[in-house]
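Peer 1: To get my numbering, take the position in the sequence shown, counting from 1, and add 94.
Glycine included, C-beta positions come from ideal geometry on N, C-alpha and C.
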Amino acid sequence: MPIEFATADTDIAKCFLVVVQLRPHLTEATFVEQVKRQQESGYRLVYLEEDRVRAIAGFRILEMLGHGRLLYVDDLVSDDSERSKGTANP
Numbered sequence: 095m096p097i098e099f100a101t102a103d104t105d106i107a108k109c110f111l112v113v114v115q116l117r118p119h120l121t122e123a124t125f126v127e128q129v130k131r132q133q134e135s136g137y138r139l140v141y142l143e144e145d146r147v148r149a150i151a152g153f154r155i156l157e158m159l160g161h162g163r164l165l166y167v168d169d170l171v172s173d174d175s176e177r178s179k180g181t182a183n184p
């Protein structure tokens with residue numbers, strides 16, 4: 095199961111059902127638009143798919159005076175049905 099970057103609208107949209115488990119305030123109607131706006135500021139969305147999206151991660155690579163380059167994880171969630179099955183393990 096390779097990890098894919100969600101850059102196309104269709105790839106972003108298929109991540110919604112997993113993301114909303116972590117962020118229930120989000121709506122499907124505005125999800126793609128929101129992710130696209132965040133991508134303009136460096137947000138990246140990746141997903142693990144095997145017949146359906148099983149896990150996602152949203153992150154940014156930042157550089158700060160006090161910390162140098164770092165990876166900031168905004169969102170990290172696996173589908174409810176995949177938890178405790180090792181989906182998120184390398």
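Assuming Gly152 and Asp169 make a contact with CB atoms under 8 Å, what is their CB distance in whole Å?
Peer 2: As a working mapping, residue 152 is identified with position 58 in the sequence shown. As a working mapping, residue 169 is identified with position 75 in the sequence shown. Rounded, the Cβ-Cβ distance is 4 Å, consistent with contact.
Peer 1: Is the CB-CB distance between Val171 and Val112 below 8 Å?
Peer 2: Along the sequence shown, one-based indexing puts residue 171 at 77. Along the sequence shown, one-based indexing puts residue 112 at 18. Yes, they are a contact pair.
Peer 1: In angstroms with no decimal places, state the Cα-to-Cα distance between His119 and Asp145.
Peer 2: Position 25 of the sequence shown, counting from 1, holds the residue named residue 119. Position 51 of the sequence shown, counting from 1, holds the residue named residue 145. Computed Cα separation, rounded: 26 Å.
Peer 1: What is the residue span of the beta strand (DSSP E) that Arg138 lies within?
Peer 2: Translated into positions along the sequence shown, residue 138 becomes position 44. First-last of the beta strand (DSSP E) with Arg138: 138-143.
Peer 1: How far does the alpha helix (DSSP H) with Arg131 in it reach, from first residue to last?
Peer 2: Position 37 of the sequence shown, counted from the first residue, corresponds to residue 131. That run of the alpha helix (DSSP H) goes 122-133.
Peer 1: To the nearest angstrom, report how far apart Glu98 and Gly162 are at their CA atoms.
Peer 2: In the sequence shown, counting from the first residue as 1, residue 98 sits at position 4. In the sequence shown, counting from the first residue as 1, residue 162 sits at position 68. In a straight line, the C-alpha of Glu98 is about 26 Å away from that of Gly162.
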